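Novice:
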Amino acid sequence: MGRKLLLDKAHIENIRYYDVYRANGGYESAEKALKMTPELVLDEVKKSGLRGRGGAGFPTGMKWSFIAKPEGVPRYLVCNADESEPGTFKDRYLMEFLPHLLIEGLLISSYTLGANSCYIYIRGEYAWIPDILEEAIADAKKNGWLGKNIQGTGFDLEIYVQRGAGAYICGEETALIESLEGKRGNPRIKPPFPAIKGLWDCPTVVNNVETLAAIVPILRIGGEEYAKYGTGKSTGTKLISACGNINKPGVYEIEMNISVEEFIYSEEYCGGIANGKRLKACIPGGSSVPIVPANLLLKTAKGETRMMTYESLSDGGFATGTMMGSGGFIVLDEDQCIVKNTLTFARFYHHESCGQCSPCREGTGWMERVLKNIEKGKGKMSDIDLLWDIQRKIEGNTICPLGDAAAWPVAAAIRHFRDEFEWHVLNPEESQVRNFGLAHY
Ligand code: NAD
Ligand code: SF4
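The numbering used here numbers the first residue of the sequence shown as 1 and each following residue consecutively.
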């Protein structure tokens, strides 16, 4: 069994409630942190090598150390719980079953950053979870972990839960901040980064739910010990939400030192491909990361074992690699149509584009229309090159990463599965028959 740091107590009945969480070591990390100086807590986070678990993998300790500290200006911590990346549902699990783990992480993080107000911005579709969080916040407050003069330290903290309204773009940190301020969720141009000018123009750290929950085990075992989990620059454990054509979909905590093959085929995790089918491809980090065909998924282009780490998953760049992203691990079996899959994602990004920049606003709609034509057997060979051109014109030319996220899946699908696009063009009548089998790549 792999070692666990976040879900090690998830099996305990009623761990969602304060008394059970506390009786099982809950808030001991906070107790420890509150006796340290914020600088020492920050040192532990830096030593841990923790990287942001929302998708970008930015070093957390570094982000925290960037926060501006002008005299008399409040600082804010914002917990990004707007988990909307297709295939990603790991933060939902943490908030639903271990709300006090998150609250304890928020307390330690706010203390370290010198923030007295913290906001949890949660996606609108997680309609039942705010009540769970509000109850846990009330219980933590009743027990002296929130409010004024926490545990007699003189530190004050309030946590507020803000519901989103179901827009994917509000998961982008600056759009989230705009939305928290009561405005339309349009991303801002960066820099300035939120650490300098964020919520109400004040220094703000925005971190993902899992990142903030991981602060608790880091304080419990120490940053150095945490860094011994995993390998290389992928320290600690990572939650992976696995879905698609596998036997055991669900949320798994992995130590970042196992192979992709072990993750897909072992009984401890996905339990292999469903219905005795063969693996065709995988999108290992949520819909925004490039799709990888089976032959490049288990081994890198250099013939090395592909590992479940930031480095190994991206090995080879976009030509042969992909990204860890948010850990939304989508597995496709031999019966799945890559063109249809790509169209589904393109439709999503077109729908979710905020419309501020023309390459994204126009390009996502254009890609959707061309893909729809190809998928329906109404496409031309030149449409494949047209698609390639459109995605290239979007990538790197937009305000926020949604543009790239819309472009990469299209680019990777054409790069690795061009023959499936051609097949749709050449076989218009059969275009709705989507069993391509393994021979098609
Ligand atoms: P990013 O690389 O722009 O930034 C990462 C973080 O580091 C941000 O918080 C940013 O403010 C900070 N940062 C970077 N450089 C900085 C600097 N010089 N000074 C101060 N702070 C700095 O990426 P992003 O927009 O935060 O995230 C993109 C990723 O989000 C995508 O790769 C995708 O995988 C993921 N994503 C996840 C979900 C989800 O539901 N979990 C949804 C959509 C996208
Ligand atoms: Fe809006 Fe798309 Fe531009 Fe992002 S890239 S700001 S979603 S139009």
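In this text, a Cβ means the ideal position worked out from N, Cα and C, and glycines have one as well.
Treat the numbers as computed from the prediction; the structure is a model and nothing was measured.
1) Could you tell me if the beta carbon of SER288 falls within a distance shorter than 7 Å of some heavy atom in the ligand SF4?
2) Would you give the residue range spanned by the beta strand (DSSP E) that TYR76 belongs to?
3) Do TRP445 and VAL289 have their C-beta atoms closer together than 8 Å?
4) Is DSSP giving THR204 helix, strand or coil here?
5) On the DSSP letters alone, give me the boundaries of the beta strand (DSSP E) that ARG163 sits inside.
6) Residues in its own chain within less than 6 Å of ALA187 by CB, not counting five upstream and five downstream?
7) For the alpha helix (DSSP H) containing GLU135, name the first residue and the last one.
8) Can you tell me the Cα-Cα spacing of GLU375 and LEU343, whole angstroms?
9) Taking contact to mean 3 or more Cβ pairs, one atom from each stretch, closer than 8 Å, check whether the segment 378-385 and the segment 343-357 are in contact.
10) I'd like the span of the alpha helix (DSSP H) that includes ASP389, first residue to last.
11) In chain order, what residues have a CB nearer than 6 Å to some heavy atom of the ligand SF4?
12) Might you give, ordered along the chain, the residues of its own chain that have their beta carbon closer than 6 Å to the beta carbon of PRO428, omitting 5 neighbours on each side?
13) Please report the residue range of the alpha helix (DSSP H) in which ASP419 lies.
14) Measuring alpha carbon to alpha carbon, tell me which residue in THR211, ASP333, ALA319 is nearest CYS243.
15) Would ASP156 and ASN208 qualify as a contact pair, given that the criterion is a beta-carbon distance under 8 Å?
16) Could you tell me whether any non-hydrogen atom of the ligand NAD is closer than 7 Å to the CB of PHE329?
17) Please classify HIS416 as buried or exposed, where buried requires at least 16 neighbouring CB atoms within 10 angstroms.
18) For the alpha helix (DSSP H) containing LEU50, list its first residue and its last residue.
19) What's the gap between the Cα of LEU7 and the Cα of GLU224?
20) Would you mind sorting MET62 into buried or exposed? The rule is 16 or more other CB atoms within 10 Å of its CB.
21) Pull up the DSSP beta-bridge partners for SER259, would you.
22) What are the start and end residues of each continuous alpha helix (DSSP H) run of 4 or more residues lying completely inside the segment 5-47, in chain order?
23) In three-state DSSP terms, what is GLU334?
24) For SER431, decide whether its Cβ has a neighbour in chain C, counting only Cβ atoms nearer than 8 Å.
25) To which residues of the same chain is ASN80 closer than 8 Å at the C-beta, ignoring the five residues directly before and after it?
26) Under the criterion of a Cβ to heavy atom distance below 7 Å, does VAL78 qualify as lining the ligand NAD?
Specialist: For this structure:
1) On the sequence shown, position 288 is the one that residue 288 refers to. The answer is no for SER288.
2) To locate residue 76, count along the sequence shown from 1; it is residue 76. Per DSSP, TYR76 belongs to the beta strand (DSSP E) from 76-81.
3) Because the chain here runs from 1 to 441, residue 445 falls outside it and cannot be looked at.
4) Within the sequence shown, residue 204 is the residue found at index 204, counting from 1. Residue state, collapsed to three classes: strand.
5) Taking the sequence shown and counting its residues from 1, one reaches residue 163 at position 163. 158-163 is the extent of the beta strand (DSSP E) around ARG163.
6) In the sequence shown, counting from the first residue as 1, residue 187 sits at position 187. The sequence as given places Pro at residue 187; Ala does not occur at that position. These residues qualify, in order along the chain: GLU172, THR174, ALA175, ILE399, CYS400.
7) Translated into the one-based positions of the sequence shown, residue 135 becomes position 135. Looking at the DSSP string, the run of the alpha helix (DSSP H) that includes GLU135 is 129-142.
8) As a position in the sequence shown, residue 375 is number 375, starting the count at 1. As a position in the sequence shown, residue 343 is number 343, starting the count at 1. GLU375 and LEU343: Cα-Cα distance of roughly 8 Å.
9) no
10) Here residue 389 is taken as the residue at index 389 of the sequence shown, counted from 1. Counting along the chain, the alpha helix (DSSP H) containing ASP389 begins and ends at 381-394.
11) ILE169, PRO187, SER353, CYS354, GLY355, GLN356, CYS357, CYS360, ARG361, THR398, ILE399, CYS400, LEU402, GLY403
12) In the sequence shown, residue 428 corresponds to position 428, counting from 1. Result list for PRO428: GLY377, in chain order.
13) Residue 419 sits at position 419 when you count from the first residue of the sequence shown. Note, ASP419: alpha helix (DSSP H), 402-426.
14) For the purposes of this step, residue 243 is taken as the residue at position 243 of the sequence shown. Ranking the options by Cα distance to CYS243, first place goes to ASP333.
15) As a position in the sequence shown, residue 156 is number 156, starting the count at 1. As a position in the sequence shown, residue 208 is number 208, starting the count at 1. Result no, Cβ atoms of ASP156 and ASN208 do not sit closer than 8 Å.
16) For the purposes of this step, residue 329 is taken as residue 329 along the sequence shown, with counting starting at 1. No; taking the cut-off as 7 Å, the Cβ of PHE329 has no heavy atom of the ligand NAD nearer than that.
17) Along the sequence shown, one-based indexing puts residue 416 at 416. Label assigned to HIS416: buried.
18) Along the sequence shown, one-based indexing puts residue 50 at 50. That residue, LEU50, is in no alpha helix (DSSP H); it is neither H nor E in DSSP.
19) Along the sequence shown, one-based indexing puts residue 7 at 7. Along the sequence shown, one-based indexing puts residue 224 at 224. Roughly 20 Å separates the two Cα atoms.
20) As a working mapping, residue 62 is identified with position 62 in the sequence shown. Flag for MET62 reads exposed.
21) Taking the sequence shown and counting its residues from 1, one reaches residue 259 at position 259. Paired residue(s): MET307.
22) 18-23, 28-34
23) Taking the sequence shown and counting its residues from 1, the one referred to as residue 334 is at position 334. The answer is coil: DSSP assigns GLU334 none of H, G, I, E or B.
24) In summary, chain C is missing from the structure at hand, where a single protein chain is found.
25) On the sequence shown, residue 80 is found 80 positions in, with the first residue counted as 1. So the qualifying residues of the chain are GLY54, TYR121, GLY171, GLU173, LEU176, VAL206, ASN207, ASN208, VAL209.
26) Counting from one through the sequence shown, the residue named residue 78 turns up at place 78. For the ligand NAD, not one heavy atom lies less than 7 Å from the Cβ of VAL78.
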